[in-house]
Each structure stands twice: as structure tokens, then as C-alpha cells.
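*Asks:* Top to bottom, those sequences are chains L and E. Sequential numbering of the first sequence, starting at 1, is according to the working numbering. Sequential numbering of the second sequence, starting at 1001, is according to the working numbering. For every residue, glycine included, the Cβ atom is placed at its ideal position computed from N, Cα and C.
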Amino acid sequence: MAILTSSIARKVAMALSGLFLVLFLAQHFTINITSVIDPETFNSLSHFMGHNFVVQFIAQPILIFGVVFHFIMGLILEIRNRGARSIKYQSFKGNNNSTWASRNMLISGAVILAFLGLHFYDFWFPEIVHKYVESNPMDPTRYYPDLVQKFESPVRTGLYCLAFVLLALHLWHGFASSFQSMGWNNKYSKGLRGFTKFYAIFIPLGFIFIAIYLHLNQ
Amino acid sequence: MKLTLKIWRQKNHDAKGELKTYPIDGIEGDMSFLEMLDVLNEGLINNGEEPVVFDHDCREGICGSCSLQINGEPHGPDRLITTCQLHMRSFKDGDTIVIEPFRANAFPVIKDLVVDRSAFDRIQQAGGYVSVNTSGNTVDANSIPVNKHDADESFNAATCIGCGACVAACKNASAMLFTSAKISQFALLPQGKIEATERALNMVKQMDEEGFGNCSNTGACEIECPKGITLVNIARMNREYVSASLEAPLSNAWSIDDESSLFD
Ligand code: SF4
Ligand code: FES
């Protein structure tokens, strides 16, 4: 059966993987905000996430698969979509009927992906090397100092903030859009859209706040 | 009113087209956009030049044949109207108006501003119908109760005139608004339930095969649609399609006759 070749099946797959990533963001944000409120809590939560079997060997691979899937499917769709109009308009007023964010999910998505590269370089790879390659002894207090040190550089802090702005744009369209893709458009959708717009601003703004806070509190 | 028109001229499907500039004078605000083009063509014919070819039929917003991408928007700047309902009072003296054909690979240009929209016909033929017993014991449609809300929604969907503005406006050249309107008008009625599974699967399959892009919910289509068809229809089509995909293998497994055509 045309599981992932039909346009609608792909659209639903895009929506489901996107929603999964939206949920992940909320979880990631909840842990990070503790670094501002109470470094102790941040340390213990990070230690738990870093050493819990389910998180490390089940949730983490699923998450990585989710990101890769969302990206590859997005790219496949974008290529097909561009191919559907090979002769472009000389005059095209997209802003008159749609938002920039909705038309440029590829751009915001690519920036987020590039950011993920930097983010992995900053945190994920060092963490994997620390734990599984060098097999260092466990140290439940190392997370907060590591985190603070990463945000010492104004360039890195700036890059993180920029990526979060693009994340906001991506969520602004994507979160509400995923419900439409799954066929959910009814009298409750207006309220839900309001919530998704709030989320699209609140979470990235929260991440920006954390980055700047850590940068200023060296 | 004096205007500068930049119009896409293309001899035939295979020829390379280009925008040509035509100054025009004496245009009244009360003229429709197509009447303005008639005036242009009269002038061109009088000068022995080839007139600009464009599609039109009813000139009252019901047939869907007038197309035209006008200044970067299908059917021009106004909302809920077709090009034949667009009046020149929407423009100012001295304006430059860029006129292009609807662009999509699934809508190949035939000549100048005329595109071939038969891809829509093929989507419609793939499942946009209901089978009615006409052998003498036909059930009167009014004897089947339909709730008012569904009847209204179905009727709204049925107002789609197949103009293609949704495809033209979409950055992905997606035909989902059209297809969803054609699926919705039946999906909402008891008469449409019988063929619902095949309808959703076959119409979407045909839509994909025609080479339209994929919907990414930008919403440009519903803003540009002259009949106010909304994204609610696309959501309904998505539901219809998902439940049809789940149902088809089941009904196929249970049925005796070969329904493999669904899965080709
Ligand atoms: S959905 Fe609207 S824009 Fe699309 S073909 Fe039908 S009437 Fe035209
Ligand atoms: S000519 Fe019929 S809708 Fe415009």
C-alpha cells in the first residue's frame, strides 16, 4: 500500500514527527529552565537523563530517528513541491495570501538543523565521549559548570539566540499546521491555534532567556 | 485610465514564452478585466497583430474558465471573485499590470494565457461521483434525511468551480483545495458514503499522479479561492483518506471479488 508515497500519508507523517519534536522541546525546556532556578536540580535531572537506561537507549534513538525522519521527509516534499512548478512566476505576491513563516519552512528548518549540528558538537558528542569512550567515573555535579562554560562565548550565545528565533518561526506555522494535516480542523481549532502560537513564542523565548542568563552569569 | 500591461506571450506549448509590454489607454473603471483585454485585442487585430489568447466563457463567475495570474495573484487583487468579475476600478491610472498564465506543471500552457486544466477533470473522473439506481425504482433524494449543517457544508464545497486559482496561488502548486472540495461534497452526504473509500483513495492517487505539489498548509488557496472554499475541506479530505487507507485493506481482505485496483 501507498504508505509513504501518497501526498496525504506523507503529510500526516510530517505532522506526527513534528508533534513528537514539539513535545520533546517542552521536556528539554523544562529541564533547562531549572539551570536558572536551581543548579542542583539541573544537575540531578541531567544526571538522571544521562544515565537512565530507558532515556539513553530507547528514548534517545527514537528522538534522533524523529529528527532525521522529519528532516528527510521535509526535504523530499520540498523537492517534489518545487518540481511542481518549473516555470516560476515573474510576479508572485505570496505575502498577500500567506505568511513568510508558512512558505519558508525549509529555510527555518535548515537553520534549526545547522543549529542542531552545533548543539551536538557542544553537548552531545562531548557527553558521549565522556561517558562511553573515556568511561569517566560518574560525577553528578559536572553538568551545571559545563553548561555555564559553554555560554561564555558571546558568539555562541548569539548563534543560539538566532537559531531560537528561527525555531519560533518554524513552530509558528508548524505546530498549528500539524493538526490541520491530521484532519483536525473544527470549532476548537481556533483556541488550539491560539495555544500553538503562544507555545511558538514562549518556548524559544524561554531558551533565549536561558542562554542570555547563563552568558551574563559567568 | 492609462495602463501598461505586461502580458505573457507564448506561441504554443513547446515555444519559449516571454512577457511583452503593451501600453493601453481609454480604459474605464466600470470595465471588467476581460473587457479591458477585449479592448487590447481589438487594437492588436486592427494593427494586424496576433491577439492575446485567454480563457473565458460565462463572464459571470460561474464557469471557472477565466484564469490569469494578475500582479502576482490569481484573479487579481480582490477577494472572492474570478477574473471576469474583477473591475478596472481596482486599478489606478498609470498602473503596470503583469498578466501571466496560472503556473503549474500539471497545467501546461496551451498558448499565451490559456492553460490546460484537464488534470482537474481526471481527478474528478477518478471518484467525484455517486452511483444512483436509475432502473425505475430510483429513491427520491429528498426522502433521505440529511442534517442541515452537513447539507450546507456539502453545498458550500460543491460551489467549487474548478478554476484552479488554488493551484496557481499555492507555492507548491498543490491541488488539495480543489480535490478536497470535490471529495467533501459527497463525503458529507449519505449518498456519498457508499463509495467513500474508493473515492478518497482514487482521487488522491490521481491528484498525485498529475504532478501537483504537496499541501504545506500555507492557506494561500483559501484566501484566493473565488468561492470561499476553506481549509476545513482539506482537513476533511485528510481524515477521509486516512480512514480509507485503514479500511481498504480490511474490506479487501474480506471481499470475495478482486478489488486490487485500489492498490495498484
Ligand atoms: S477550490 Fe476554489 S480556487 Fe480551487 S478550483 Fe475550486 S473554486 Fe477554484
Ligand atoms: S468566465 Fe466564467 S468564471 Fe470567469
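(1) Less than 7 Å between the CB of E/Arg1059 and some heavy atom of ligand 2, yes or no?
(2) To the nearest angstrom, how far is the alpha carbon of E/Ser1243 from that of E/Ser1184?
(3) Closer than 7 Å: is that where the CB of E/Lys1171 sits relative to any heavy atom of ligand 1?
(4) Alpha carbon to alpha carbon, how far is E/Ala1151 from E/Gly1162?
(5) So for E/Ser1032, helix, strand or coil by DSSP?
(6) Using the C-alpha atoms, what's the distance from E/Tyr1241 back to E/Thr1197?
(7) Suppose you measure from the CA of E/Leu1080 to the CA of L/Val155; what does that come to, to the nearest Å?
(8) Suppose only complete runs of 4+ residues qualify. What are the alpha helix (DSSP H) ranges in the stretch 1023-1068 of chain E, listed by chain order?
(9) Smallest Cα separation from L/Phe217: which of L/Ser35, L/Leu118 and L/Ser181?
(10) May I have the straight-line CA-CA distance separating E/Ile1024 from E/Leu1040, to the nearest angstrom?
(11) Determine the burial state of E/Ala1015: buried for a count of at least 16 other Cβ atoms within 10 Å of its Cβ, exposed for fewer.
(12) Measuring alpha carbon to alpha carbon, tell me which of E/Ser1090, E/Asn1012, E/Cys1063 and E/Phe1155 ends up nearest E/Pro1101.
(13) Using a C-beta to C-beta distance shorter than 7 Å, which residues of chain E count as neighbours of L/Val22?
(14) Taking CB distances under 8 Å as the criterion, tell me whether E/Gly1219 reaches chain L.
(15) Note down, in chain order, all residues in the stretch 102-124 of chain L with a beta-carbon under 8 Å from any beta-carbon belonging to chain E.
(16) Could you tell me whether the Cβ atoms of L/Phe164 and L/Pro204 are closer together than 8 Å?
(17) Using beta carbons (cut-off 8 Å, strictly below), is L/Arg10 in contact with chain E?
(18) Take every Cβ of the stretch 112-124 of chain L, pair it with every Cβ of the stretch 1198-1211 of chain E, and state whether three or more of those distances are shorter than 8 Å.
(19) Could you confirm whether any beta carbon from chain L is found closer than 8 Å to the beta carbon of E/Cys954?
(20) Could you compute how far the alpha carbon of L/Tyr213 sits from the alpha carbon of L/Val129?
(21) Using 7 Å as the cut-off, classify the Cβ of E/Gly1064 as near or not near the heavy atoms of ligand 1, replying yes or no.
(22) Among E/Ser1090, E/Leu1201, E/Val1098 and E/Asp1093, which one has its Cα closest to the Cα of L/Lys93?
(23) Please classify L/Gln27 as buried or exposed, where buried requires at least 16 neighbouring CB atoms within 10 angstroms.
(24) For the alpha helix (DSSP H) containing L/Ile203, name the first residue and the last one.
(25) Keeping to the same chain, check which residues put their C-beta closer than 6 Å to that of E/Ala1157; ignore five residues upstream and five downstream.
(26) Would a check of beta-carbon distances place L/Leu77 closer than 8 Å to chain E?
(27) Measuring only between beta-carbons, confirm whether L/Gly18 sits less than 8 Å from chain E.
(28) If you measure between the beta carbons of E/Cys1170 and E/Cys1221, is that distance less than 8 Å?
(29) May I ask you to report which of helix, strand or coil DSSP gives E/Ser1184?
(30) Thinking C-beta only, is E/Ile1123 closer than 8 Å to E/Pro1190?
(31) Which ranges does the alpha helix (DSSP H) cover as unbroken runs of at least 4 residues, wholly within the stretch 122-148 of chain L, from first to last along the chain?
(32) Can a CB atom of chain L be found closer than 8 Å to the CB of E/Gln1206?
(33) Would you check whether ligand 2 has a heavy atom nearer than 7 Å to the C-beta of E/His1087?
(34) Going by beta-carbon coordinates alone, are L/Ala101 and L/Ser108 separated by less than 8 Å?
(35) Quick check on L/Pro140 - is its C-beta less than 8 Å from some C-beta in chain E?
*Replies:* Reading from the atomic positions:
(1) Translated into the one-based positions of the second sequence, residue 1059 of chain E becomes position 59. The answer is yes for E/Arg1059.
(2) Residue mapping note: residue 1243 of chain E aligns to position 243 of the second sequence, counting from 1. Residue mapping note: residue 1184 of chain E aligns to position 184 of the second sequence, counting from 1. Those two C-alpha atoms are separated by around 14 Å.
(3) Counting from one through the second sequence, the residue named residue 1171 of chain E turns up at place 171. Not so, every heavy atom of ligand 1 lies at least 7 Å from the Cβ.
(4) Counted from its first residue, the second sequence places residue 1151 of chain E at position 151. Counted from its first residue, the second sequence places residue 1162 of chain E at position 162. E/Ala1151 and E/Gly1162: Cα-Cα distance of roughly 20 Å.
(5) Reading the second sequence from its first residue, position 32 is the one you call residue 1032 of chain E. E/Ser1032: strand per DSSP, three-state reduction.
(6) Numbered from its first residue, the second sequence carries residue 1197 of chain E at position 197. Numbered from its first residue, the second sequence carries residue 1241 of chain E at position 241. Whole-angstrom Cα-Cα distance: 8 Å.
(7) Numbered from 1 along the second sequence, position 80 holds the residue referred to as residue 1080 of chain E. Numbered from 1 along the first sequence, position 155 holds the residue referred to as residue 155 of chain L. Taking the straight line joining both Cα atoms gives about 49 Å.
(8) 1033-1046
(9) Numbered from 1 along the first sequence, position 217 holds the residue referred to as residue 217 of chain L. Correcting the residue identity first, residue 217 of chain L is Asn in this sequence and not Phe. Answer by Cα proximity: L/Ser35.
(10) Counted from its first residue, the second sequence places residue 1024 of chain E at position 24. Counted from its first residue, the second sequence places residue 1040 of chain E at position 40. The straight-line gap from Cα to Cα measures roughly 7 Å.
(11) Residue numbering aside, residue 1015 of chain E sits at position 15 when the second sequence is read from its first letter. Exposed, by the Cβ-count rule.
(12) What you label residue 1101 of chain E is simply residue 101 of the second sequence in a count that begins at 1. Nearest option by C-alpha distance: E/Asn1012.
(13) Taking the first residue of the first sequence as 1, we reach residue 22 of chain L at position 22. Ordered by position in chain E, no residue passes the 7 Å Cβ test against L/Val22, which lies about 15 Å from the chain.
(14) On the second sequence, residue 1219 of chain E is found 219 positions in, with the first residue counted as 1. Judged by the 8 Å Cβ criterion, E/Gly1219 is in contact with chain L.
(15) Ser102, Arg103 and Met105
(16) Numbered from 1 along the first sequence, position 164 holds the residue referred to as residue 164 of chain L. Numbered from 1 along the first sequence, position 204 holds the residue referred to as residue 204 of chain L. Contact: yes.
(17) Indexing the first sequence from 1 puts residue 10 of chain L at position 10. It does; some Cβ of chain E falls within 8 Å.
(18) no
(19) Residue numbering for chain E in the displayed model covers 1001 to 1264; residue 954 of chain E lies beyond these limits and cannot be assessed.
(20) Position 213 of the first sequence, counting from 1, holds the residue named residue 213 of chain L. Position 129 of the first sequence, counting from 1, holds the residue named residue 129 of chain L. For L/Tyr213 and L/Val129, the distance between alpha carbons rounds to 27 Å.
(21) In the second sequence, counting from the first residue as 1, residue 1064 of chain E sits at position 64. Checking every heavy atom of ligand 1 against the Cβ of E/Gly1064, one is found closer than 7 Å.
(22) One-based indexing of the first sequence puts residue 93 of chain L at position 93. When only C-alpha atoms are compared, the closest one is E/Val1098.
(23) Numbered from 1 along the first sequence, position 27 holds the residue referred to as residue 27 of chain L. Label assigned to L/Gln27: exposed.
(24) Start at 1 with the first residue of the first sequence, and residue 203 of chain L comes out as number 203. Taken as a continuous stretch (DSSP letters only), the alpha helix (DSSP H) holding L/Ile203 covers Ser189 to Leu216.
(25) By 1-based counting over the second sequence, the position of residue 1157 of chain E is 157. These residues qualify, in order along the chain: Ala1181, Ser1184, Gln1185 and Asn1233.
(26) Residue numbering aside, residue 77 of chain L sits at position 77 when the first sequence is read from its first letter. True, the Cβ-Cβ gap to chain E drops below 8 Å.
(27) Indexing the first sequence from 1 puts residue 18 of chain L at position 18. Output row for L/Gly18: interface = no.
(28) On the second sequence, residue 1170 of chain E is found 170 positions in, with the first residue counted as 1. On the second sequence, residue 1221 of chain E is found 221 positions in, with the first residue counted as 1. Cβ distance < 8 Å, so E/Cys1170 and E/Cys1221 count as in contact.
(29) Stepping through the second sequence from its first residue, residue 1184 of chain E is reached at position 184. Here E/Ser1184 sits in helix by DSSP.
(30) The residue given as residue 1190 of chain E occupies position 190 in the second sequence. The residue given as residue 1123 of chain E occupies position 123 in the second sequence. No, the pair does not count as a contact, with Cβ atoms beyond the cut-off.
(31) 125-128
(32) Within the second sequence, numbered from 1, the residue matching residue 1206 of chain E stands at position 206. So, not an interface residue.
(33) For the purposes of this step, residue 1087 of chain E is taken as residue 87 along the second sequence, with counting starting at 1. No.
(34) Along the first sequence, one-based indexing puts residue 101 of chain L at 101. Along the first sequence, one-based indexing puts residue 108 of chain L at 108. In this structure, L/Ser108 lies closer than 8 Å to L/Ala101 by Cβ.
(35) Residue mapping note: residue 140 of chain L aligns to position 140 of the first sequence, counting from 1. Cβ-Cβ to chain E under 8 Å: no for L/Pro140.
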